[in-house]
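Novice: Quick one: structure below, then a few questions.
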Amino acid sequence: DTAVSQTPKYLVTQMGNDKSIKCEQNLGHDTMYWYKQDSKKFLKIMFSYNNKELIINETVPNRFSPKSPDKAHLNLHINSLELGDSAVYFCASSQVTGYQETQYFGPGTRLLVL
Amino acid sequence: DAKTTQPPSMDCAEGRAANLPCNHSTISGNEYVYWYRQIHSQGPQYIIHGLKNNETNEMASLIITEDRKSSTLILPHATLRDTAVYYCIVRVRGSQGNLIFGKGTKLSVKP
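Keeping their order, the protein sequence lines are chains U and G.
Each step along the first sequence adds one to the number in the working numbering, with nothing skipped, and position 77 is 77.
Each step along the second sequence adds one to the number in the working numbering, with nothing skipped, and position 107 is 107.
In structure tokens form, the structure reads like this:
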């Protein structure tokens, strides 16, 4: 069973379009994240949700809107796509157990904006 | 979270031990050392973590110096599938939140 899954795996679209990426985790975790990995391979946090509540929003344009319908899902909607949005987007989930927290990442969604 | 420093790249012969160093000289007493890796085109993968004692699991061993200012991740018998970028991350004990990824070490395992 896949712990953290994302759809689609690849997304090619034109500038100005609106698109969504979906993420689901079956680990029962309370917290989910969206990270962006750009062409230089830097991984940076975008958003974090805990029990469906937004807890981190890292200077991301408001064209990006995360939505968490329930604890197991965190979707990312992007309006008016720009060339610079081309990147790999990773979803992750985690739960603190004792004093330890491990994050589990999805396989990534490769977005190419033309 | 304390800052970490890693060499940008390392090579290792297949079947030999890969020793990946990490400096975290500003680490505080309540911070853990975590290691993740990212194999090409995949999501990051948790490897191991520790506070002050050496740790071992099925993937790797983690050796933390007595002063806790540096650590070494050891892959005892590296395989070609271990070729990846390895990230050393320091996190406050019990914290939950985004991981701050640096540039990591690109490990190339060669036949």
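Where a beta carbon is used, it is the ideal one built from N, C-alpha and C, also for glycine.
1) Round the Cβ separation of Ile-55 of chain U and Ile-45 of chain U to the nearest angstrom and send it over; I've been treating them as touching at under 8 Å.
2) Would a check of beta-carbon distances place Tyr-33 of chain U closer than 8 Å to chain G?
3) Would you mind reading off the limits of the beta strand (DSSP E) that contains Leu-99 of chain G?
4) Once the 5 residues before and after Arg-110 of chain U are set aside, which same chain residues still bring their CB inside 6 Å of it?
5) Between the C-alpha atoms of Lys-71 of chain U and Tyr-104 of chain U, what's the straight-line distance to the nearest angstrom?
6) Just checking: is the beta-carbon of Phe-64 of chain U within a distance shorter than 8 Å of some beta-carbon in chain G?
7) Near Tyr-33 of chain U, what residues of its chain come up, given a Cβ to Cβ distance below 6 Å and the 5 sequence neighbours on each side ignored?
8) Please indicate yes or no: does the CB of Met-15 of chain U lie closer than 7 Å to some heavy atom of the ligand ATP?
9) For Ser-68 of chain U and Ala-13 of chain G, I'd like the C-alpha separation in whole angstroms.
10) Given a limit of 9 Å on CB to CB distance, which residues of the region 4-32 of chain U reach chain G?
11) Any C-beta of chain G within less than 7 Å: which residues of the region 46-77 of chain U qualify?
12) Are at least three pairs of beta-carbons, each pair with one atom in the region 62-69 of chain G and one in the region 41-50 of chain G, less than 8 Å apart?
13) Are any of the Cβ atoms in chain U nearer than 8 Å to that of His-77 of chain G?
14) Could you give the C-beta distance for Gln-14 of chain U and Gly-108 of chain U, rounded to a whole number, given that I count them as a contact under 8 Å?
15) Hey, does Leu-43 of chain U have any beta-carbon neighbour from chain G nearer than 8 Å?
16) Buried or exposed, going by whether 16 or more other CB atoms sit within 10 Å of the CB of Ile-89 of chain G?
17) Under the three-state reduction of DSSP, which class applies to Leu-74 of chain U: helix, strand or coil?
18) Pick out the complete alpha helix (DSSP H) segments inside the region 38-99 of chain G, 4 residues or longer, and give them in chain order.
19) Throw me the rounded Cβ distance for the Glu-31 of chain G and Arg-93 of chain G pair, which I believe falls under 8 Å.
20) Any chance the region 10-30 of chain G sits against the region 67-77 of chain G, with 3 or more Cβ pairs inside 8 Å?
21) Based on Cα-Cα distance, which residue from G:Gly-15, G:Ala-17 and G:Pro-21 lies nearest to Pro-7 of chain G?
22) Look at Val-4 of chain U and Gly-106 of chain U and say whether their C-beta atoms are less than 8 Å apart.
Specialist: Walking through what the data contain:
1) Not a contact, Cβ separation roughly 11 Å.
2) Residue contact with chain G for Tyr-33 of chain U: present (Cβ-Cβ distance below 8 Å to some residue of chain G).
3) For Leu-99 of chain G, no beta strand (DSSP E) segment is defined, and its DSSP state is neither H nor E.
4) Excluding residues within five positions, the ones whose Cβ falls inside 6 Å are Tyr-10 and Val-88.
5) Rounded to whole angstroms, Lys-71 of chain U to Tyr-104 of chain U spans 15 Å at the Cα level.
6) So no, Phe-64 of chain U is outside the interface.
7) Excluding residues up to 5 positions away in sequence, Ser-48 and Ala-92 lie with their Cβ nearer than 6 Å to the Cβ of Tyr-33 of chain U in the same chain.
8) As presented, the structure is devoid of all ligands, the ligand ATP included, so that no description of it is given.
9) Between Ser-68 of chain U and Ala-13 of chain G, the C-alpha separation is close to 45 Å.
10) For the region 4-32 of chain U, which is checked against every Cβ of chain G, the residues closer than 9 Å are Val-4, Gln-6, Asp-30 and Thr-31.
11) Of all residues in the region 46-77 of chain U, Ser-48 and Ile-56 have a Cβ within less than 7 Å of some Cβ in chain G.
12) Because the criterion of three Cβ pairs below 8 Å is met, the region 62-69 of chain G and the region 41-50 of chain G touch.
13) Residue contact check for His-77 of chain G against chain U: no CB pair falls below 8 Å.
14) Actually they do not touch by this definition, with Cβ atoms about 21 Å apart.
15) Interface residue, yes.
16) Burial call: buried.
17) Strand, per DSSP.
18) Complete alpha helix (DSSP H) runs here, min 4: none at all.
19) Yes, Glu-31 of chain G and Arg-93 of chain G are in contact; Cβ-Cβ is about 7 Å, under 8 Å.
20) Taking 8 Å as the limit for Cβ pairs, the verdict is that the region 67-77 of chain G does touch the region 10-30 of chain G.
21) When G:Gly-15, G:Ala-17 and G:Pro-21 are compared, the shortest CA-CA separation from Pro-7 of chain G is found for G:Pro-21.
22) Yes, they are a contact pair.
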